[in-house]
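Number of protein chains: 2
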Amino acid sequence: MRADARKNYELLLSVAHDVVTEHGADASLRDIARKAEVGLGTLYRHFPTRESLLEALLREDVDALTAESVRLEESRASEEALIAWLRGCVALNNEYRGVTSLLTAALEDPESALYNSCVALHDTGSRLLARAQAEGMARADVDGTDLFALVAALAWLHDQPALAPRADHLLGVVSSALLTGEAAYAVGQERSRA
Amino acid sequence: MRADARKNYELLLSVAHDVVTEHGADASLRDIARKAEVGLGTLYRHFPTRESLLEALLREDVDALTAESVRLEESRASEEALIAWLRGCVALNNEYRGVTSLLTAALEDPESALYNSCVALHDTGSRLLARAQAEGMARADVDGTDLFALVAALAWLHDQPALAPRADHLLGVVSSALLTGEAAYAVGQERSRA
DNA sequence: ACCTGAACACCGTTCAAGT
DNA sequence: ACCTGAACACCGTTCAAGT
Numbered sequence: 340m341r342a343d344a345r346k347n348y349e350l351l352l353s354v355a356h357d358v359v360t361e362h363g364a365d366a367s368l369r370d371i372a373r374k375a376e377v378g379l380g381t382l383y384r385h386f387p388t389r390e391s392l393l394e395a396l397l398r399e400d401v402d403a404l405t406a407e408s409v410r411l412e413e414s415r416a417s418e419e420a421l422i423a424w425l426r427g428c429v430a431l432n433n434e435y436r437g438v439t440s441l442l443t444a445a446l447e448d449p450e451s452a453l454y455n456s457c458v459a460l461h462d463t464g465s466r467l468l469a470r471a472q473a474e475g476m477a478r479a480d481v482d483g484t485d486l487f488a489l490v491a492a493l494a495w496l497h498d499q500p501a502l503a504p505r506a507d508h509l510l511g512v513v514s515s516a517l518l519t520g521e522a523a524y525a526v527g528q529e530r531s532r533a
Numbered sequence: 340m341r342a343d344a345r346k347n348y349e350l351l352l353s354v355a356h357d358v359v360t361e362h363g364a365d366a367s368l369r370d371i372a373r374k375a376e377v378g379l380g381t382l383y384r385h386f387p388t389r390e391s392l393l394e395a396l397l398r399e400d401v402d403a404l405t406a407e408s409v410r411l412e413e414s415r416a417s418e419e420a421l422i423a424w425l426r427g428c429v430a431l432n433n434e435y436r437g438v439t440s441l442l443t444a445a446l447e448d449p450e451s452a453l454y455n456s457c458v459a460l461h462d463t464g465s466r467l468l469a470r471a472q473a474e475g476m477a478r479a480d481v482d483g484t485d486l487f488a489l490v491a492a493l494a495w496l497h498d499q500p501a502l503a504p505r506a507d508h509l510l511g512v513v514s515s516a517l518l519t520g521e522a523a524y525a526v527g528q529e530r531s532r533a
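Going line by line, the protein sequences match chains B and Y.
Heads up, the first sequence is in this note's numbering, so the first residue is 340 and it goes up one at a time.
Heads up, the second sequence is in this note's numbering, so the first residue is 340 and it goes up one at a time.
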């Protein structure tokens, strides 16, 4: 990439971070180009779709969560690891407002720039879920897509001003549904101590 | 209301029903006016906001669900009534795509045309929840807003093409989290017989 | 190679002018 | 009273013209 192009790319990404933080994932692309003092075509050249821009904004976080999940799988009890990952994945979705619908839509669109990130999250969660199920700590009638859906639903709640205050509490409620008897009890205890 | 105005009102509502069914709650208002062969200002005169249009589209359903809840409260066991209402409320939210975010946003905006419908649903659910809790059939650490949030989250899942196939199953998972020991077991049995 | 911004086809919303 | 549609200020997306 030419030096001037690289500079524009970095600048756009930095401005996009600010604008998307303020206005959410459906922020005006025109606005981003304007604030970066760059032609609208330059934005489209570097980020041909809204998804590709968000992919660039989220990539680091997705990689970090993936790496974290490896650590969780090695060092924590399966039910603890599963819930910790769930919290992390919800937090990732809440990095920017409105990202959850985009990420969810990408799950069945291999052409989407967010597809790989999506699948990475889906598969990471699936593995932690499968381990917890193998140990009898998570209910057997949910699969990786169910887990993805629950994460998305909880993240969506956080984006709704009227419901955001309850989102964290409901994460606990849903977690307890995900885990089986003893494990659910333990999470409940943890939560009531907090 | 003058006869010609009434005719336009009914026509707009009928066209809006079709267009919103096809394109969801964020359908183009221009498109609705165009298809009704009516000036754009006429649409705005009858429905000053998008919310007021959706309110008119949903009113009957909200009333029906409210009436149904009275019957449920009188004739069914508290845990059964709660879950039946939850299913009904999710179904109402899924009448048109994208209605859930509007309904949720209205919950804390008394100026919204959807505010009354929203509060009606919230309070109806709260009453059924309180009864189930009083009988020890529902967990005590959720309130009416939590219930509303769970309904909204489940309805939102139904709007996501990638997750819609799991929405009904997850309704069962969430229901089991809502109910306490014996009641949750009963719902589980019901579901595995289905 | 890369950048620019006008052009096109859409929105939501308002409001002066008509009947 | 009620209706109409032009006008305004925005979008996303494309692409000919420039450097």
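Cβ atoms here follow ideal geometry from the backbone N, Cα and C, with glycine treated the same way.
Item, Value
"For A375(B), does the three-state DSSP call read helix, strand or coil?", "coil"
"Check whether the Cβ atoms of F487(B) and H508(B) sit closer than 9 angstroms, and answer yes or no.", "no"
"What does the alpha-carbon distance come out to for the pair A533(B) and G475(Y)?", "At A533(B) the pLDDT is 42, less than 50, meaning the model places this residue with poor confidence and gives no usable figure here."
"State the Cα-Cα distance for the pair A366(B) and A395(Y), rounded to the nearest angstrom.", "30 angstroms"
"Flag L493(Y) as yes if its beta-carbon sits less than 9 angstroms from any beta-carbon of chain B, otherwise no.", "yes"
"Can you find a CB in chain Y that lies within less than 9 angstroms of the CB of A506(B)?", "yes"
"How should S417(B) be labelled, buried or exposed, when 16 other C-beta atoms within 10 angstroms of its C-beta is the threshold for buried?", "buried"
"Give the straight-line distance between the Cα atoms of A479(B) and P500(Y), rounded to the nearest whole angstrom.", "24 angstroms"
"Look up A307(Y) in the DSSP assignment and say whether it is helix, strand or coil.", "Only positions 340 to 533 of chain Y appear in this structure, which leaves residue 307(Y) out of reach."
"Alpha carbon to alpha carbon, what distance is there between L510(Y) and E390(Y)?", "27 angstroms"
"Where does L518(Y) sit, in a helix, a strand or coil, going by DSSP?", "strand"
"For R532(Y), decide whether its Cβ has a neighbour in chain B, counting only Cβ atoms nearer than 9 angstroms.", "Reliability of the predicted coordinates at R532(Y) is poor, the pLDDT of 43 falling under 50, and no value is obtained from them."
"Restricting to Cα atoms, I'd like to know which of L489(Y), A503(Y), D370(Y) is closest to D485(B).", "A503(Y)"
"Residues of chain B with CB closer than 9 angstroms to the CB of P387(Y), please, in chain order.", "Result: empty, since nearest Cβ-Cβ is about 22 angstroms, beyond 9 angstroms."
"In three-state terms, what does DSSP make of T463(B)?", "helix"
"For R530(B), I'd like the list of residues in its chain whose CB is within less than 8 angstroms of its CB, leaving aside the five on either flank, ordered along the chain.", "Any reading at R530(B) must be qualified, since the residue scores a pLDDT of 49, below 50, and its modelled position is unreliable; no value is offered."
"What is the DSSP secondary structure of Y348(Y), counted as helix, strand or coil?", "helix"
"Using the rule of at least 16 other Cβ atoms within 10 Å of the residue's Cβ for burial, across every protein chain shown, is V354(B) buried or exposed?", "buried"
"Please classify G511(Y): does DSSP put it in a helix, a strand, or coil?", "helix"
"Please report whether the beta-carbon of R436(B) lies at a distance below 9 angstroms from any beta-carbon of chain Y.", "no"
"May I ask you to report which of helix, strand or coil DSSP gives A342(Y)?", "helix"
"Let me know if V560(B) comes out buried or exposed under the rule of 16 or more other beta-carbons within 10 Å of its beta-carbon.", "Because chain B here runs from 340 to 533, residue 560(B) falls outside it and cannot be looked at."
"Checking 9 angstroms against the spacing of the C-beta atoms, do L379(Y) and F386(Y) come in under that value?", "no"
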